[in-house]
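Q:
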Amino acid sequence: MNTDFREKKIFIAGSSGGIGYKTAELFLKGGAFVMLHGKNSSKLLKKKKNLQTHFPKQVSGVTADITTTRGRKKLLAEYKKKHGNSLKVLVISVGSGKVVKTAFIKEREWIKVFEQNFFGIVNLIFDFMPLLKKSKDPSIVIVGSIAGIEHIGAPVSYASAKAALHSYAKHLSVEVAKDGVRVNIVHPGNVYFDGGRWEELLKGNTKKVRQYIKEKVPMRRFGKPKDIAEAILFLASQKAEFITGASLVVDGGQHNSF
Ligand SMILES: NC(=O)c1ccc[n+]([C@@H]2O[C@H](COP(=O)([O-])OP(=O)(O)OC[C@H]3O[C@@H](n4cnc5c(N)ncnc54)[C@H](OP(=O)(O)O)[C@@H]3O)[C@@H](O)[C@H]2O)c1
977 MNTDFREKKI FIAGSSGGIG YKTAELFLKG GAFVMLHGKN SSKLLKKKKN LQTHFPKQVS
1037 GVTADITTTR GRKKLLAEYK KKHGNSLKVL VISVGSGKVV KTAFIKEREW IKVFEQNFFG
1097 IVNLIFDFMP LLKKSKDPSI VIVGSIAGIE HIGAPVSYAS AKAALHSYAK HLSVEVAKDG
1157 VRVNIVHPGN VYFDGGRWEE LLKGNTKKVR QYIKEKVPMR RFGKPKDIAE AILFLASQKA
1217 EFITGASLVV DGGQHNSF
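Taking my numbering, the leading residue of the sequence shown gets 977, the next gets one more, and so forth.
If you want it as structure tokens, here you go:
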């Protein structure tokens, strides 16, 4: 059991789905108090109940759309009500690549993708920074994507937003290092879980997707949410106390630039 996080306060934005949810489970196993978050309330409630069966006193949850000021205001208020004015670890696992592939989309569509995959996140971090600064050895771990650092055939708007997030994480880490806040980003490859995007794509064209994984991923398999969650926990832990501004790729070797 990872006891690094005993009684530590963790907020995971975007934890009603695959990667964020598994990350929550691992933090809970490590003894942390975890606030779950998502946009859809019935989905979040279901996930919260699952975890409460095993960790009844450690789990709470909040729903809010992080792309709106109102949503983020609600989120911050609910967090403070539950956990007060300090936060040890902020994980951001919000995002979605479920958009059309082409670069030729209307301005409104670009904005929508950036609101969900970039601006909502940047604003959320702005809101929670004062709470992080009040904690001992605080850190932020952002979930990016290898789509943001290399061409892998992902939708252009999504890849561009993830690239912006990559740069933002690097620059933010330098700016807040003096305050003791570490900032790191994890870049997953193709992560499969029931109900996730890859299940959908696999159902749409099983042969093509399986071929893609075999050809493009040297380890010839999908990633699991646990693969990414373990990397997040490491970066948030004391073991990574001298690591900030890092981007950790977890993709079975798919991304292979120098
Ligand atoms: N799965 C992959 O292959 C893969 C690969 C590379 C990177 N990633 C990244 O990993 C992160 C997690 O993705 P996942 O695969 O675990 O997908 P997921 O299950 O869909 O998780 C996304 C989470 O973000 C929440 N969310 C989305 N938009 C939101 C909004 N506007 N306001 C509040 N919450 C919002 C979702 O809640 P609702 O469902 O209620 O909207 C959900 O909890 C994302 O940043 C994704 O881009 C995933």
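Ideal placement from N, C-alpha and C gives every residue a C-beta, glycine not left out.
Is it the case that the Cβ atoms of Ile1204 and Ile1068 are separated by a distance below 8 Å?
A: No, they are not a contact pair.
Q: Using a threshold of 8 Å, state whether the C-beta atoms of Val1010 and Val1038 are closer than that.
A: Not in contact: Val1010 and Val1038 (Cβ atoms no closer than 8 Å).
Q: With DSSP run on the structure shown, which of helix, strand or coil describes Phe987?
A: It is a strand residue.
Q: Just verifying my parser: in three-state terms, what is the DSSP assignment at Gly1073?
A: Gly1073: coil per DSSP, three-state reduction.
Q: Based on the DSSP secondary-structure assignment, which residues constitute the bridge partners of Asn1160?
A: BP columns for Asn1160 point to Val1117.
Q: Residues in its own chain within less than 6 Å of Lys1138 by CB, not counting five upstream and five downstream?
A: Gly1120, Ser1121, Ala1123, Gly1124, listed in sequence order.
Q: Taking the C-alpha atoms as reference points, what is the distance between Gly1190 and Gly1171?
A: For the sequence presented, residue 1190 should be read as Lys rather than Gly. Going by the C-alpha atoms only, they are around 22 Å apart.
Q: Would a C-beta distance cut-off of 8 Å place Lys1202 and Lys1024 closer than the cut-off?
A: No.
Q: Which of the three DSSP states is assigned to His1013 in this structure?
A: Here His1013 sits in strand by DSSP.
Q: So which of Asn1166, Arg1173, Thr1220, Gly1071 has the shortest CA-CA distance to Phe1198?
A: The candidate whose alpha carbon is nearest that of Phe1198 is Asn1166.
Q: Suppose you measure from the CA of Leu1012 to the CA of Val1065; what does that come to, to the nearest Å?
A: If you take the alpha carbons of Leu1012 and Val1065, they lie about 13 Å apart.
Q: State buried or exposed for Gly993, treating a residue as buried only when at least 16 other CB atoms are found within 10 Å of its CB.
A: By the neighbour-count rule (16 or more Cβ atoms within 10 Å), Gly993 is buried.
Q: Note down the Cα distance separating Lys985 from Pro1114, rounded to an integer number of angstroms.
A: Cα to Cα, Lys985 sits roughly 10 Å from Pro1114.
Q: What residues in its chain sit with their C-beta under 6 Å from that of Lys1015, if we drop five residues either side in the sequence?
A: Around Lys1015: Asp1041.
Q: Hey, could you find the ends of the beta strand (DSSP E) Val1225 is sitting in?
A: Residues 1223-1226.
Q: Considering only their Cβ atoms, is the gap separating Ile1118 from Ala1145 smaller than 8 Å?
A: Their beta carbons are under 8 Å apart, which means Ala1145 touches Ile1118 by this criterion.
Q: Taking Gly1228 as the reference, which of Arg1196, Lys1215, Ile1219, Thr1220 has the closest Cα?
A: Of the candidates Arg1196, Lys1215, Ile1219, Thr1220, the one whose C-alpha sits nearest the C-alpha of Gly1228 is Arg1196.
Q: Compute every distance between the C-beta of Gly1037 and the non-hydrogen atoms of ligand 2, then say whether any falls below 7 Å.
A: For ligand 2, the structure offers nothing, since it holds only ligand 1.
Q: For ligand 1, is there any heavy atom lying closer than 7 Å to the beta carbon of Arg1173?
A: True, at least one ligand heavy atom lies under 7 Å from that Cβ.
Q: Could you check the C-alpha separation between Gly1007 and Thr1220 for me, to the nearest Å?
A: About 24 Å.
Q: Quick check for students: name the residue ranges of the alpha helix (DSSP H) that lie wholly in the segment 1140-1201, counting only runs of 4 or more.
A: Whole alpha helix (DSSP H) segments, 4+ residues: 1173-1180, 1182-1192.
Q: Let me check one thing: in DSSP terms, what residues is Ile1068 bridge-paired to?
A: Answer is Ala989, Ile1118, bridged to Ile1068.
Q: Could you check if Asn1166 belongs to the surroundings of ligand 1, using beta carbon to heavy atom distance under 7 Å?
A: Result yes, Cβ under 7 Å from ligand 1.
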